[in-house]
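Below is one structure, written out as structure tokens; the observations come after it.
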Amino acid sequence: MSDLSARLSLGFSWVGHSLMHIVSGLYLTVVLALQHEWHLSYDELIRVWTLGATLIAVGAPLAGWLGDRWSESRMMAVFFLLTGAGSIVSGLASDTGVLFWGLALLGLGASIYHPVSMSWTVKNAANRGKALGYLGIFGTVGIASAAVVAGGLTDWMGWRAAMILPGAVCVALGVALAALIATGHVRDRRGDVKPQPAAERGDMVRAFLVLSVTMICSGLLFNSMLIVLPKLFETRLGGLLGEGTLGVGGMVTLVYLAATVPQLIGGHLADRYPVKRIYVLCLLLQTPMMALMAVLWDLPLVFAAIGVVIGSQVQIPAESLLLARYTPARHRGLAFGAKFVLSFGAGPVAVQMAAAVFDRTGDFQALYLLLAALALVAFLAALLVPEERKEKPAPAAPAPAAAIAGGD
């Protein structure tokens, strides 16, 4: 039963990663259709997502703490249900007020995913780098699919269907996971399948400080790229993509899908080589690619975007392993919550940056030059992450609880 529970936990975590990014990214493409239907400007409509983006960040520590203290599996069921409900409410909105609160509910639900599922995955995986690599692939597929799902459904059935149908899938999975928990097929673990060596306190403090800097910078890079890429492609690739939102969404999808195989390779390498080295190299790659995106047009712009996405997505398993390495298991959900306050907390900042730059210049050149500078800062900070030490393994973790573990 414990092996089945672990497999189901990993499966829901992986699929949930795709859906989290699909549902939370739908509006970024749907907004292109809303401009014409509601006769509102892009910068005005993109600001409607500000509270939702903020809640994805600020809700993460509480979600991680509840996962540690109450139940990771139950929190994942809540994630599916709340996120799906928010997407459905957004799709039913008739004005920006209702849309604002629907997106806020969506953001609150989405805030649960990363802190809870990262800890859930690490606990249930024997080969952490490989599991996080697959987790990253599902996330990348979700990020890539969001634009094409939103664009395709918008062109085919309208923007409301683009929000409602993926939300309904989320709700259905939440009900399925809740049923598996109720029947005992999915259970929480009290410890890791494969315990990690204990890090020294000095290394923990140093890693926390350094990773705080790199995660803030990475959050701004990731969110800015995700937010503006559909509009950037519409502006600079318009002649290549045809009419409607499907062409824009399809190109964004291709860019993010290009990172899937490199991300899996990165996960495997993280099980075999120093994680710090992988992390540093990924941040280094993004610096020149962001600078090139400031000035390139047409297909060269697409290749530069692919370089940025490969660097940003391959770094995610390495970053998660570093955080898990320097955090006690009993506080790991809270630590991942703090990580996503820093990284997703950059979301609303990125929204405002993108809106302000586009409002003043009609393009994103200045934004990408700033992002290149932030990538350089993150690279320099990552050089200060503690080197890995050779230590004796920690004691074996206890078997899964007979029932859902509640509390420490």
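When the letters of the sequence shown are read in order and numbered with the working numbering, they come out as residues 395 to 802.
For each residue, glycine too, the CB sits at the ideal point set by N, CA and C.
These figures come from a predicted structure and were not determined experimentally.
My assumption, with CB atoms under 8 Å, is that residue i sits in contact with residue j. Please give the rounded CB distance.
i	j	result
T477	A504	5 Å
A519	V622	Not really, about 34 Å apart at Cβ, beyond 8 Å.
A525	L404	6 Å
L677	A776	5 Å
L502	V483	About 12 Å; that fails the 8 Å criterion.
G644	P624	Contact flag wrong, Cβ pair sits at about 11 Å.
D437	F752	6 Å
W459	L631	With a Cβ gap of about 43 Å, W459 and L631 do not count as contacting.
L715	V669	5 Å
A570	I506	17 Å between Cβ atoms; not a contact.
L736	M609	4 Å
M683	A698	5 Å
G661	G578	Contact doesn't hold; Cβ gap of about 30 Å is too wide.
Please state whether DSSP places residue i in a helix, a strand or coil.
i	result
L690	coil
Y720	coil
T577	coil
H433	coil
R350	In the structure displayed, the chain extends from 395 to 802; residue 350 sits before or after that span and is not available.
E781	coil
D397	helix
A652	coil
W408	helix
L605	helix
A519	coil
L631	coil
Y762	helix
G701	helix
D753	helix
G453	coil
D549	helix
Y667	coil
Measuring alpha carbon to alpha carbon, tell me which of the options ends up nearest residue i.
i	options	result
D462	F730, L693 and G552	F730
I537	L631, Y650, L736 and V674	Y650
V771	L631, F752 and G613	G613
G756	L778, E628, G741 and L715	E628
L615	G501, V604, R401 and G705	G705
A750	A487, W432, A479 and L439	L439
T423	M683, G480 and W553	W553
L626	I610, G458, V696 and F773	V696
H433	V702, R630, D489 and A760	D489
V543	P682, T515, L398 and I416	I416
L445	V743, L774, L763 and V779	V743
R719	A555, G561 and S513	S513
V442	F494, V472, S418 and L663	F494
V409	G533, S465 and V472	G533
M687	Y667, L675, K733 and A767	A767
E781	V535, T681, V674 and A572	V674
F473	S418, L693 and L402	S418
So, are the CB atoms of residue i and residue j less than 8 Å apart?
i	j	result
G568	L420	no
I672	A712	yes
S407	I575	no
D549	L640	yes
L559	H411	no
V510	M470	yes
P611	A454	First, the amino acid is wrong: residue 611 is Cys here, not Pro. No, the pair does not count as a contact, with Cβ atoms beyond the cut-off.
A487	G496	yes
Q759	V703	no
G491	M557	no
A652	I700	yes
G741	A540	no
I531	T647	no
S618	L765	yes
V708	Q746	no
L413	V580	no
V779	V604	yes
F773	H508	no
D582	S465	yes
Mind listing, in chain order, the continuous alpha helix (DSSP H) runs of no fewer than 4 residues lying wholly within the stretch 459-506?
-> Fully enclosed alpha helix (DSSP H) runs of 4 or longer: 466-485.
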